[in-house]
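Protein chains: 2
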Amino acid sequence: MNKAAYHHGDLRTALLEAADTLLAEQGAAGLSLRAVAKRAGVSHTAPYRHFRDKAALLSALAAEGFRLLAEGLEAAAARHVDDPARQLKEAGRVYVTTALAHPQRARLMFGGNVALSDHDPVYQAAGERAFNGLQQIIHAGQAAGVFRDDPVRPLALSLWSAVHGLVMLLLAEQIGDVPAGDPARVATMISWVTEVTLSGVLHRDSPGNS
Amino acid sequence: MNKAAYHHGDLRTALLEAADTLLAEQGAAGLSLRAVAKRAGVSHTAPYRHFRDKAALLSALAAEGFRLLAEGLEAAAARHVDDPARQLKEAGRVYVTTALAHPQRARLMFGGNVALSDHDPVYQAAGERAFNGLQQIIHAGQAAGVFRDDPVRPLALSLWSAVHGLVMLLLAEQIGDVPAGDPARVATMISWVTEVTLSGVLHRDSPGNS
DNA sequence: CTCCAGATGTTGTCACTGTCAACATAGGAC
DNA sequence: GTCCTATGTTGACAGTGACAACATCTGGAG
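Protein chains in written order, with my numbering: chain U, 689 to 898; chain Y, 689 to 898.
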């Protein structure tokens with residue numbers, strides 16, 4: 689295990705780490721399988737013993753990202769069990785900051801450009817886990833009389849869309865004059881979006897709104 | 689101009705059309721400059737006379753997409769000038785359906801994977817144009833007493849994030865069991881998101897108006 | 001009308017990439 | 001100890017983006 693053996697020992701993990709580093713540096717587009725192999729100190733075809741192809745490697749990276757994100761969301765929700773509104777705000781904050789902490793990984797996860805190999809069940813699992821958690825929070829909030837009694841799915845989807853949209857807009861540098869790397873302004877935007885989405889846009893006393 | 693001349697005549701446009709077709713078929717990742725050239729009937733380096741590199745070609749495609757989107761949004765807003773809430777809902781609908789009508793182009797525009805060449809001013813222009821239009825609608829709605837009197841930017845950003853997030857979730861097939869290609873369910877989701885975002889999630893202080 | 005300079009398109013080439021086939025080695029099961 | 005299989009290597013191939021050098025056209029100056 690100490691000497692540089694012919695067999696690496698845990699090449700799969702080493703490849704994932706190398707790939708993660710290169711991904712962060714150059715993005716998924718500029719990441720070559722050969723560079724990953726070289727960084728892990730193996731020949732240029734060694735990765736094929738552990739991943740069917742390049743997409744499979746990237747899929748594994750993305751899956752790991754989804755796992756981390758789901759864990760972060762659950763932890764955030766667990767932190768304020770008796771305050772549903774706070775749970776939602778915290779979860780939103782975690783969603784955005786986690787994604788922006790690893791922009792290239794987030795682009796990989798959410799960009800839809802990966803052809804996630806074999807429809808990895810990890811994706812579905814993490815996604816549904818997170819979405820179910822969201823729905824549970826809303827349900828609890830409704831039971832507590834804090835949230836409106838509308839159907840849960842529309843509410844959940846709206847919240848999810850709002851934070852996800854904010855992430856993607858920041859990742860694509862599409863918000864005028866605000867780069868994704870400015871934590872203070874990003875924090876401001878997160879609270880804007882979560883609070884407006886919670887409260888709504890329409891005037892509360894307005895008589896004619898449907 | 690009729691005979692197959694040495695000089696194509698309008699190769700730039702022809703290349704963009706060919707690229708657009710190939711983009712729709714295989715996505716930006718599977719699109720090769722050589723294939724574009726071949727489809728346009730020219731040699732494999734002819735594109736370099738019209739685009740600095742591959743990213744420049746893709747950027748031009750994306751810019752065209754932004755232009756079309758901005759036009760669609762303005763048309764939608766112009767359709768209901770005296771009903772700000774309706775303007776927002778319609779603009780949201782147009783935003784989502786336009787993007788989903790050309791999924792690969794939308795991925796290109798919003799994925800953030802293109803390295804949009806030279807920070808094409810067209811991006812900034814289209815984006816700010818659309819965002820300013822959104823803010824104007826909100827302002828008008830506030831003046832009419834239909835929208836809350838909160839600061840405009842948070843409201844605008846929240847609406848934008850919501851519809852953008854919905855687009856990206858659908859593009860990435862990340863919404864459990866709902867493919868982006870199901871127009872009916874997509875339409876349902878659009879109205880969910882726009883209406884919830886307009887109305888909010890929190891329970892209202894003064895009940896009675898749904 | 002002539003002619004030539006620049007714009008446009010082509011040929012040839014290079015390094016690099018993902019992937020496959022054939023081969024080498026190691027470590028454990030028996 | 002022997003062999004089987006998982007793991008890693010070498011070598012090759014077609015496809016790609018990009019550059020340099022060359023060919024051809026076209027419009028405008030004279």
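Cβ atoms here follow ideal geometry from the backbone N, Cα and C, with glycine treated the same way.
Each residue's CA atom was taken as its position, placing Y/D708 and Y/L749 some 7 Å apart. Under the 8 Å Cβ criterion, the region 877-890 of chain U counts as touching the region 774-794 of chain U, having at least three qualifying pairs. For Y/A744, there are no neighbours in chain U by C-beta distance under 8 Å, as the nearest C-beta there is about 15 Å away. Each of Y/A860, Y/R767, Y/L699 and Y/F754 was checked against the Cα of Y/H732, and the nearest Cα belongs to Y/L699. For Y/H790, same chain residues with a beta-carbon under 8 Å away, outside a window of 5 residues either side, are A712 and G753 in chain order. A distance below 8 Å between beta-carbons, with the five flanking residues on each side excluded, links U/R836 to the following residues of its chain, in chain order: Q830 and L843.
Residues of chain U whose Cβ lies closer than 9 Å to the Cβ of Y/L749 do not exist; the shortest such Cβ separation is about 15 Å. Taking a Cβ-Cβ cut-off of 8 Å, the neighbours of Y/G799 in chain U comprise R795, G799, G800, N801 and A860, given in sequence order. Annotation: Y/F739 has no Cβ neighbours in chain U at a cutoff of 9 Å; minimum Cβ distance is about 17 Å. Annotated three-state conformation of U/L761 is helix, per DSSP. With respect to chain U, the C-beta atom of Y/H852 has a partner C-beta closer than 7 Å.
When Cβ-Cβ separations below 7 Å define contact, Y/S846 makes contact with chain U.
Around the beta carbon of U/V769, fewer than 16 other beta carbons lie within 10 angstroms, which makes this residue exposed. Y/G697 has its alpha-carbon roughly 46 Å from the corresponding atom of Y/I863. By alpha-carbon distance to Y/E861, the top candidate from U/Q812, U/R722, U/V874 and U/L757 is U/Q812. Residue-level contact check: U/E816 touches chain Y, since one or more beta carbons of chain Y fall below 7 Å from its beta carbon. Our two residues, Y/S887 and U/R774, have alpha carbons roughly 19 Å apart in a direct line.
Looking at the backbone, the Cα of U/K777 and that of Y/G833 are separated by about 28 Å. In terms of CA proximity to U/V810, U/L756 leads the group U/A868, U/Q714 and U/L756. DSSP places U/L890 in the strand class (E or B) of the three-state scheme. Taking 7 Å as the threshold, the shortest C-beta distance from Y/G864 to chain U falls below it. Here the alpha carbons of U/T786 and U/S720 stand approximately 25 Å from one another. Against Y/S720, chain U offers no close residue; the least beta-carbon distance is about 14 Å (beta-carbon pairs closer than 7 Å).
Judged by DSSP in its simplified three-state form, Y/F798 adopts helix.
Per DSSP, the unbroken alpha helix (DSSP H) holding U/E816 starts and ends at P809 to A831. Selection Y/Q714, Y/A794, Y/G715 and Y/G729 evaluated against Y/T701 yields Y/G729 as nearest (Cα-Cα). Those residues of the region 754-779 of chain Y placed with their C-beta closer than 8 Å to a C-beta in chain U are A773 and L776, ordered along the chain.
Here DSSP, grouped into helix, strand and coil, assigns Y/F835 to strand. The beta-carbon of Y/V884 is placed less than 7 Å from the nearest beta-carbon of chain U. Burial check for Y/G821: the Cβ neighbour count within 10 Å reaches 16 or more, so the residue is buried.
Membership of U/R781 in the alpha helix (DSSP H) is indicated by the continuous run P772 to A789. For the region 698-725 of chain U, not one full-length beta strand (DSSP E) segment reaches 3 residues or more. Taking a beta-carbon distance threshold of 7 Å, U/P867 does not count as an interface residue toward chain Y. With fewer than 16 other beta carbons inside 10 angstroms of its own, U/Q714 counts as exposed. Between Y/L796 and Y/A725, the CB-CB gap reaches or exceeds 7 Å. As the crow flies, the alpha-carbon of Y/R740 is around 30 Å from that of Y/F819.
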